[in-house]
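Input: a single structure, listed below in structure tokens.
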Amino acid sequence: LRRFFLKRSLKKVYGYQFPSHNIYITMTTSIKSIFTRTCLLILFLITQLGLYATEGMWLPLLLQQLNEAEMQQMGMKMSAEDIYSVNKGSLKDAIVHFGGFCTGEVISDQGLVLTNHHCGYGQIQNHSSLENNYLDNGFWAMNKGEELPNPGLFVTFIVRIEDVTKAIFEGITADTHPKEKEAIIKRNLETVKRDMRRESWQDVMVRDFFAGNQYFLFVTETYTDIRLVGAPPSSIGKFGADTDNWVWPRHTGDFSLFRIYAGPDNKPADYSPDNVPFKPRHYLPVSLDGVAADDFTMVFGFPGRTDEYLPAVAVTQRVEVLNPIRIGIRDKVLGVINEGMRTNPEIRIQYASKQASIANAWKKWIGESQGVKATDGVGRKLRYEAEFAKRLSENTEWTKAYGHILPRFDALYKEIEPYAKTRDYLGEIAGRNIELYALANTLNGLVKLYDEKGAEAVSDRKDRLMAYLDDFFKDYNKDIDQQVFTQLMAIYYDQVHPDHQSPFAIEQFVSAQKNAETLAQIVYSKTSLLQKDKLAKAFETSPEAFVELVRKDYAARLLTEIKAVSDDKVNAAYKRIQDEINELQSLYMKAQMEVFAEKRFYPDANSTLRVTYGQVKGYKPRDAVAYTPVTYLDGVMEKYVPGDYEFDVPEKLRKLYQNKDYGPYAENGQLPICFIGTNHTTGGNSGSPAIDAHGNLIGLNFDRVWEGTMSDINYDASICRNIMVDVRYILFVIDKYAGAGHLVQEMKLVHPKK
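Under the numbering used here, the very last position in the sequence shown is 739; numbers go up by exactly one each time.
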């Protein structure tokens, strides 16, 4: 790796092409001097700046320019054109943005889509009931007529990507004021989107990259008739649940199957019984050859958000101040929900998806903070900044343009901290976790709409409101929510800065003898918002009657008063400071790319299509502990706890294991379950395909190891690993466990290693 970067950088900087034999022997004295200086620079970059071959979330249209040679040196047998092409079917044509929050991939010529079980969890839950419990028992459509529609679910393909930076910055100079620049960019964005050539059924979106220093346009196609085809029971698809979440070794069959339906012309169409299975430009063949240590792996998908270029002061604030707030609040929430789920099967169904969402971020924040500390992430940032400052000091123009950046960051993050703390407290308390407040937020939104646009605008929302209320109360338990309210409002009164608390909320607390449980009893007994029939009746009477009911409601007013104080004393100040931080971050990004011209930069994730590549590889998280990269069905049985909601194992799976009835999916008499790699992934990569050197599907990305969750802000190749389901386990579950072999027959199975 070091030799590769050395040769690459020397060729780029000095135009020197090295032969394959010992480069020292053939160098002149002057070249040796250049080599020595550059070698020290490259070694610094490798050790201090994190230039590992496995780091990065790369734009697919730039692979040929930036990554193709390196990927092929790592073992890839494809070209960049095989991965991204606008002239022929390529891998990108098999990748979909699933629901706008996950990734999926097309794995048959009949529009069959593979994604994670947790990505399809909401749909599986919506189709479930106590009588028809697809969460517990799984679901398998034995023919296309049994596939279940999912209103609101969609998948989006990327047709092509174009760099539109020049057009977006048209009319902007170095002297343009930031506010004027913002207005010009906004106008140019609209012009670019309006003028972009596309088909009538296609859409256009433009996203900024490198903190607003570059812009790319995406032409997209979105399909809305997406039907559930198959899902294993949660005892397979969610095996290990919270205990194993973010953990390796892992033994989870985290997958589900959907199908895209289109109109007779293969174009997007609303749901109709007359729609037909979608015919893709490309779909992924499925490899039966499995993986071995150091095999090339590529993950293709839509990573959500990363912040790799933050200054050290921002990372410190995140892991030492803000993460502990979020973690502490969710500790309380999960304590209540977990107890309810353990003791009540109905609550287990109602809160399965909610609990998973709450626990996912909670555990991620814990691992992120621990990982940054374990890898000296802040120290590495500080060393990077010291080198940045050193280079600035050696260049007068750089010093003038960029010398203020790091000191200003220190001042701004110190200034924003008290407001950031309150925002995180209120975000967790008043914005999420307390479901009564979530409901009040939605209904207060209708009151605001009434005030701004009148009764007719509210009347137009009737169908949407009724659907929302049906969905809300279907999965709501008042006792659970009241207990959560008790826990979190106690935190509000005890830990939120007194200047940021609502006087009205304090009065209610005092009148409840400063007892959060007593306050909860008062609020939940007085509110009308939890009476669905009363809400519906008020709406039927008139928009005015509905708005009046919400305005006068005790819970709605309590929330309104809490948020009003926040808006007045917190949000305005926070936004002012954060806007300056964002502007400074954009300048810092520009400065880094100029000052470290020899470094390859990749843009932070922003839910756009990216490629990340690496290798199958184990890791050593701590002293005397070393993990191998593959797990097997034996490990499932080792974790098996009869009747446990996290570690129970279906009887049929146990019998298949006892009989070693693995079909063609075993490897040396063992059934592979999961494997890990060095691919740089984040949220949104859930459901992304793991692709081998030849372009075949070998696994399904679904998680990261706990020690490496800090990769969103501090990627470290020593411990950052993504976790993937081995595709052979997926095929085994579909075929041998579920008896849905007709789905396997749709796929193209290959043996690239043989």
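All C-beta atoms in this analysis are idealised placements derived from N, C-alpha and C, irrespective of residue type, glycine included.
How would you call residue i, buried or exposed, if buried means at least 16 neighbouring beta carbons within 10 angstroms?
i, result
"asparagine 653", "exposed"
"glycine 628", "exposed"
"arginine 333", "buried"
"leucine 115", "exposed"
"histidine 162", "exposed"
"proline 217", "buried"
"proline 4", "Only weak support exists for where proline 4 lies, its pLDDT of 35 falling under 50; the value from the coordinates is given anyway. That one is exposed."
"glycine 724", "exposed"
"serine 15", "Low confidence applies to serine 15: its pLDDT is 45, below 50, so where it sits in the model is not reliable, and the reading given next is rough at best. The residue in question, serine 15, is exposed, as its Cβ has fewer than 16 Cβ neighbours within 10 Å."
"glycine 726", "exposed"
"lysine 602", "buried"
"isoleucine 157", "exposed"
"asparagine 699", "buried"
"tryptophan 347", "buried"
"glutamate 623", "exposed"
"tryptophan 125", "buried"
"arginine 244", "buried"
"arginine 172", "exposed"
"aspartate 229", "buried"
"proline 614", "buried"
"glutamate 305", "exposed"
Measuring CB to CB, does residue i end up less than 9 Å from residue j?
i, j, result
"tyrosine 106", "alanine 475", "no"
"aspartate 466", "glutamate 420", "yes"
"tryptophan 231", "lysine 349", "yes"
"aspartate 697", "aspartate 292", "yes"
"leucine 242", "glycine 215", "yes"
"glycine 248", "asparagine 260", "yes"
"serine 272", "histidine 679", "yes"
"glycine 96", "lysine 252", "no"
"lysine 178", "leucine 213", "no"
"leucine 411", "serine 571", "no"
"tyrosine 598", "phenylalanine 281", "yes"
"leucine 307", "alanine 405", "yes"
"isoleucine 221", "valine 718", "yes"
"leucine 319", "isoleucine 676", "no"
"leucine 544", "alanine 415", "yes"
"isoleucine 211", "leucine 594", "no"
"phenylalanine 240", "proline 674", "no"
"serine 257", "leucine 120", "no"
"proline 309", "asparagine 670", "no"
"alanine 541", "leucine 450", "no"
"lysine 317", "glutamine 480", "no"
"tyrosine 69", "leucine 51", "no"
"threonine 663", "glutamate 353", "no"
"histidine 267", "glycine 74", "yes"
Shortest alpha-carbon distance to residue i belongs to which of the options?
i, options, result
"arginine 393", "Pro296, Val81 and Asp464", "Pro296"
"glycine 137", "Gln187, Gly85, Glu131 and Thr176", "Gly85"
"aspartate 436", "Ser378, Tyr398 and Phe531", "Phe531"
"aspartate 460", "His112, Val81 and Gly60", "His112"
"glutamine 655", "Asn664, Lys645 and Gln506", "Lys645"
"leucine 133", "Lys166, Tyr246 and Pro45", "Tyr246"
"valine 735", "Lys73, Cys87, Gln302 and Ile92", "Ile92"
"glutamate 741", "Thr471, Val615, Arg585 and Glu502", "A query on residue 741 cannot be resolved here, the shown segment of the chain reaching from -14 to 739 and no further."
"alanine 168", "Ile683, Arg244 and Phe154", "Phe154"
"leucine 46", "Val98, Val144 and Lys62", "Val144"
"proline 528", "Leu434, Ala501 and Arg713", "Leu434"
"aspartate 227", "Gln187, Thr503 and Asn323", "Asn323"
"asparagine 122", "Tyr722, Gln730 and Met732", "Tyr722"
"threonine 166", "Ala582, Gly197 and Tyr422", "Just to set this straight, residue 166 is lysine in the shown sequence, not threonine. It is Gly197."
Which partner residues does residue i have in the DSSP bridge list?
i, result
"alanine 521", "The partner list for alanine 521 (beta bridge, DSSP) is empty, contrary to what the question assumes."
"proline 674", "Leu685"
"asparagine 707", "Gly662 and Arg689"
"isoleucine 146", "Phe203"
"serine 272", "Val735"
"tyrosine 246", "Asp210 and Pro262"
"glycine 137", "Paired residues: none, contrary to the question."
Can you tell me whether residue i sits near the ligand SAM, meaning its C-beta is under 8 Å from at least one heavy atom of the ligand?
i, result
"glutamate 631", "For the structure depicted, the ligand SAM is absent and the ligand set is empty, with no information on it obtainable."
*asked:* I'd like the ranges of any alpha helix (DSSP H) spanning at least 4 consecutive residues and lying wholly in the segment 569 to 637.
replied: 618 to 624, all fully within the segment 569 to 637.
*Kindly provide the ranges of any alpha helix (DSSP H) runs that are 4 or more residues long and lie completely inside the segment 58 to 96, ordered along the chain.*
Taking only runs of at least 4 residues, the alpha helix (DSSP H) segments lying wholly in the segment 58 to 96 are 65 to 68.
_Minimum length 4: unbroken alpha helix (DSSP H) runs contained in the segment 169 to 202_ = The segment 169 to 202 contains no whole alpha helix (DSSP H) run of 4 or more residues.
*Could you tell me which uninterrupted alpha helix (DSSP H) segments, each at least 4 residues in length, are contained entirely in the segment 426 to 481, listed from first to last along the chain?*
List check, alpha helix (DSSP H) in window: 440 to 444, 447 to 459 and 463 to 480.
*Would you mind listing the alpha helix (DSSP H) stretches within the segment 313 to 348 that are 4+ residues and don't spill past its ends, in chain order?*
Taking 4 residues as the minimum length, the alpha helix (DSSP H) runs contained wholly in the segment 313 to 348 are 330 to 335, in order along the chain.
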